[in-house]
Amino acid sequence: GDSVTQMEGPVTLSEEAFLTINCTYTATGYPSLFWYVQYPGEGLQLLLKATKADDKGSNKGFEATYRKETTSFHLEKGSVQVSDSAVYFCALSDWGNTPLVFGKGTRLSVIA
Amino acid sequence: DVKVTQSSRYLVKRTGEKVFLECVQDMDHENMFWYRQDPGLGLRLIYFSYDVKMKEKGDIPEGYSVSREKKERFSLILESASTNQTSMYLCASRPYNSPLHFGNGTRLTVT
C-alpha cells in the first residue's frame, strides 16, 4: 500500500538557520502531497500542498516541490524562527474521498 | 473558516469503561475520519466515513467502533477501554478532493 517516510527527529536549529525536512513516498498512482504542522497543544493544520508533478507548494516561507522522479516532497525554509517550533507531518492522498496516509512526524525546535 | 470541534480536550477513564469521543464539523463535509497519534508512530487511521450511516475500517479498528447518525457528527466509541488505548485522538473532515481539516484533539488516559 501507499506509504510516507520522513526524516527522524528531533531537529534542533538556531534562529535564522536553513531548514530541510526530507519526505519520500511510495504510491501506486499519482497522489497529492501535503505538509501539515502541529503546534503544541493543537491539532494539525495544512501548511502546503501540491497536486501534480513539479508543482511547488508554498506558505509562510515554507516550500516543497513534488518530485515524481525521486518520489520526494522535501520541506524547506530559508530562515526559521522560534515560532516555527512544531511537529511537521508529510502526507499523501489519492484525492477524492480516500484517507490521507501520514509520515511519523518530525519535531522541530528552534532556539533563539 | 472550517471548524472541527472535539467535545473534550482531556479525558480520564477507567479500564473496562465504555468511552465516547464526539466530533462535530460545521461545513457539511461528506468525509470524516478518526486518527490516533502516538509518539514514534505518527497518525494511524482508526475509522472513516463517507456519508451518514456509512463507515469503513482504517488500519487499526480493533477495540473501536463508530457512529455517524448525522452528517456533521462522527463519534468514536471504545467499547471497553484498555490501557493501550491511552493516546491522543484526532478527528478530521474533508469535502471531496480537498485537504483535511483537524480538530484540536482529545487526550485520553485509561487507568
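Just so you know, the sequences run in chain order A and B.
Using the numbering used here, the letters of the first sequence map in sequence onto residues 9 to 120.
Using the numbering used here, the letters of the second sequence map in sequence onto residues -15 to 95.
The C-beta atom is built at its ideal place from N, Cα and C for all residues, glycine as well.
Because the structure is a prediction, the values reported are computed rather than measured.
- For E84(A), the uninterrupted beta strand (DSSP E) run begins and ends at L83 to K85, by DSSP.
- Not flagged as an interface residue toward chain B: Y33(A), since no C-beta distance is shorter than 9 Å.
- Inclusion of T59(A) and L83(A) in the CB contact set at 9 Å is not warranted, their separation being larger than that value.
- Look at N68(B) here: in three-state DSSP terms it is helix.
- Going by DSSP, M16(B) is part of the beta strand (DSSP E) stretching over N15 to D22.
- Straight through space, the alpha carbons of V12(A) and T20(A) are spaced by roughly 22 Å.
- Fewer than three Cβ pairs drawn from the segment 31 to 50 of chain B and the segment -5 to 4 of chain B lie within less than 8 Å of each other, which leaves the two stretches out of contact.
- For the segment 74 to 86 of chain A, no residue has a beta-carbon sitting nearer than 8 Å to a beta-carbon of chain B.
- Counted as a single uninterrupted DSSP element, the beta strand (DSSP E) harbouring N67(A) occupies residues K64 to N67.
- Listed as beta-bridge partners of V(-12)(B) by DSSP are Q9(B).
- Taking a contact to require three or more Cβ pairs closer than 8 Å, the segment 63 to 76 of chain B and the segment 24 to 35 of chain A do not qualify as touching.
- Nearest to L54(A) by C-alpha distance, out of E14(B), T90(B) and D(-15)(B), is D(-15)(B).
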